[in-house]
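Peer 1: The structure's right below; bear with me while I get my questions together.
In the working numbering, the protein residues as written are 7 to 199.
Okay, here's the thing in structure tokens:
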């Protein structure tokens with residue numbers, strides 16, 4: 007997906023599949039920002055830091071006692087399952103419906119069946135399955151392009167995002183970009199052989 011308007015790239019963009027929902031918000035709500043909202047959306051940022059710390063411990067345990075390391079992995083999975091359930095309380099995200107998007111740390115483009123006005127303010131919830139992260143951003147529509155009679159490409163710039171959530175989004179984009187580059191490199195190696 008590409009935004010057809012001339013856009014200065016402020017960060018890496020990736021094609022990805024995520025869960026996304028949005029709602030229209032008025033300019034006054036957009037101006038208030040998301041910092042006044044409850045903090046449940048930052049749970050993913052906290053869990054990400056703790057998971058990184060736990061991974062180091064699990065890797066050292068794996069060498070010493072595989073059964074204890076396996077127990078920690080099971081407990082981590084249980085905690086992630088509970089956290090995911092807590093994150094979705096009050097959310098409009100449908101985890102069964104994933105969308106193909108073009109994503110960066112500063113915006114997202116996605117397809118949908120109705121058009122949106124350029125300049126319209128949105129509250130967007132995004133679930134990044136690979137990171138178990140539910141992120142809330144405020145955004146503004148910067149482009150709406152009709153692709154087919156009932157399909158529009160909506161491009162938005164984020165206007166407000168919590169710093170922890172933006173860091174998670176950057177990690178996700180970099181991780182996905184690395185995976186895509188590795189996959190492309192492997193395909194190139196196989197086609198050369």
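Virtual Cβ for every residue (Gly too), placed ideally from N, Cα, C.
Would you call residue 194 buried or exposed, if buried means 16 or more other Cβ atoms sit within 10 Å of its Cβ?
Peer 2: Counting Cβ neighbours within 10 Å, residue 194 comes out exposed, since fewer than 16 surround it.
Peer 1: Take residue 60 as the anchor and find which of 131, 143, 161 and 83 has the nearest alpha-carbon.
Peer 2: Nearest of 131, 143, 161 and 83 to residue 60, Cα basis: 83.
Peer 1: Roughly how many angstroms separate the alpha carbons of residue 192 and residue 37, rounded to a whole number?
Peer 2: Roughly 46 Å between the two C-alpha positions.
Peer 1: Assign residue 141 to one of three DSSP states: helix, strand, or coil.
Peer 2: Three-state result, residue 141: strand.
Peer 1: Output the distance between the C-alpha atoms of residue 72 and residue 65, rounded to the nearest integer angstrom.
Peer 2: The straight-line gap from Cα to Cα measures roughly 10 Å.
Peer 1: Measuring only the C-alpha atoms, how far is residue 25 from residue 34?
Peer 2: Looking at the two C-alpha atoms, the distance is approximately 27 Å.
Peer 1: Which first and last residues belong to the alpha helix (DSSP H) in which residue 191 is found?
Peer 2: Its alpha helix (DSSP H) spans residues 169-198.
Peer 1: Under a three-way DSSP split, which group does residue 22 fall into?
Peer 2: Strand, per DSSP.
Peer 1: Who are the Cβ neighbours of residue 161 in its own chain at under 6 Å, not counting the five residues just before and after it?
Peer 2: Within the same chain, residue 161 has close Cβ partners 9, 115, 148 and 149.
Peer 1: Which residues in the same chain have their Cβ closer than 6 Å to the Cβ of residue 132, if we skip the five residues on either side of it in sequence?
Peer 2: The residues are 24, 26 and 141.
Peer 1: So, for residue 125: in the same chain, excluding its five sequence neighbours on each side, which residues have a beta-carbon less than 8 Å away from its beta-carbon?
Peer 2: Excluding residues within five positions, the ones whose Cβ falls inside 8 Å are 146 and 147.
Peer 1: Can you tell which of 117, 18 and 128 has its C-alpha closest to the C-alpha of residue 158?
Peer 2: The shortest Cα separation from residue 158 among 117, 18 and 128 belongs to 117.
Peer 1: What would DSSP say about residue 104, mapped onto helix, strand or coil?
Peer 2: Coil at residue 104, not helix or strand.
Peer 1: Which of the three DSSP states, helix, strand or coil, is assigned to residue 74?
Peer 2: Note: residue 74 maps to helix in three-state DSSP.
Peer 1: Going by CA-CA distance only, name the one from 134, 122, 76 and 18 that's closest to residue 106.
Peer 2: Nearest C-alpha to residue 106: 134.
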